[in-house]
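Heads up, the thing below is written out as structure tokens.
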Amino acid sequence: MSQFAFGQTVDLTRLQPTGITALTATDCQQAQQAGYQLKLLAQAERHGSNLYVRVAPTAIPQTSALSQVAGVQNGVAITSDAIGDSLYTGPGAGSTATANSVLNDVLVAANHLVTATRGLAFNRNHVQLRVHALDQLPQRYLLVSSLSRLTLQTYANEVDFSIQPTAGPALITTAVTPTQLAQLQRLTTINGQAQVTAIPIAFSTQPAAAAVTAIQAVS
């Protein structure tokens with residue numbers, strides 16, 4: 001995805017994807033009550049000569065069409081200078097969709113053999129960008145915790161950011177840096193047990209550069 005959109009291949013060893021196994025039913029329920037849908041989201045954002053990437057569970061606002069992608073459907077949301085926001089969806093799982101993809105790959109490979117075009121790059125767009133984890137950018141987080149709002153606000157004040165209430169028990173932070181988030185998690189860890197689950201909120205990053213191009217994919 002990052003190669004096709006930005007011309008930069010991402011080394012999977014640097015990407016360090018996070019799965020959904022750590023999420024609980026409580027996390028999902030509180031996210032829904034707060035107006036968000038939790039989904040495994042692959043994200044890539046270019047800011048100047050820097051590319052920020054992440055694959056992790058993310059809180060998507062229920063007002064976003066991307067949050068409605070469900071079942072065997074996959075979706076790709078793109079933010080660009082030319083057309084702004086756009087969303088592309090289609091079946092990407094299940095027996096029929098998988099069989100179609102496999103058969104298409106076989107036909108394309110066979111066609112390349114016949115036309116002697118095998119070995120050509122899928123995308124000749126190549127740009128040298130500095131690749132970083134998207135978590136390095138300041139962004140908002142959805143907080144799910146058994147701690148009281150007053151307790152969390154006290155800790156947030158120590159780390160110099162604010163939290164906002166939602167329609168449910170979950171809370172939302174203002175944009176926080178990686179250092180602030182790490183400090184909050186340290187303060188709220190009791191007897192080695194984390195008391196707060198911090199889930200990044202989609203579309204909430206705040207880069208220093210004004211120009212932004214982003215692509216998000218959900219399955």
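The sequence shown begins at 1 in full-length UniProt numbering and counts up by one.
Cβ atoms here follow ideal geometry from the backbone N, Cα and C, with glycine treated the same way.
Note that the coordinates shown come from a computational prediction; the quantities given were computed from them, not determined experimentally.
Listed as beta-bridge partners of HIS47 by DSSP are ASN50. Assigned with DSSP and collapsed to three states, ARG149 falls in helix. Between the alpha carbons of LEU38 and ALA59 lies a distance of about 5 Å. Taking C-beta atoms as the reference points, GLN153 and SER162 count as a pair closer than 9 Å.
In this structure, the beta-carbon distance from THR205 to GLN139 falls below 9 Å. Taking C-alpha positions only, ARG14 is separated from SER95 by approximately 32 Å.
The way I'd put it, the region 169-186 doesn't touch the region 42-51; fewer than three beta-carbon pairs between them come closer than 8 Å. The three-state secondary structure of ALA175, taken from DSSP, is coil. For the pair of segments examined, the region 102-118 was found not to touch the region 69-87: the number of CB pairs separated by less than 8 Å stays below three. Secondary structure remark: continuous beta strand (DSSP E) runs of at least 3 residues inside the region 96-142, in chain order: 130-133. Distance from ASN50 to ARG130 at the Cβ level is roughly 5 Å; contact confirmed, criterion being Cβ atoms closer than 8 Å.
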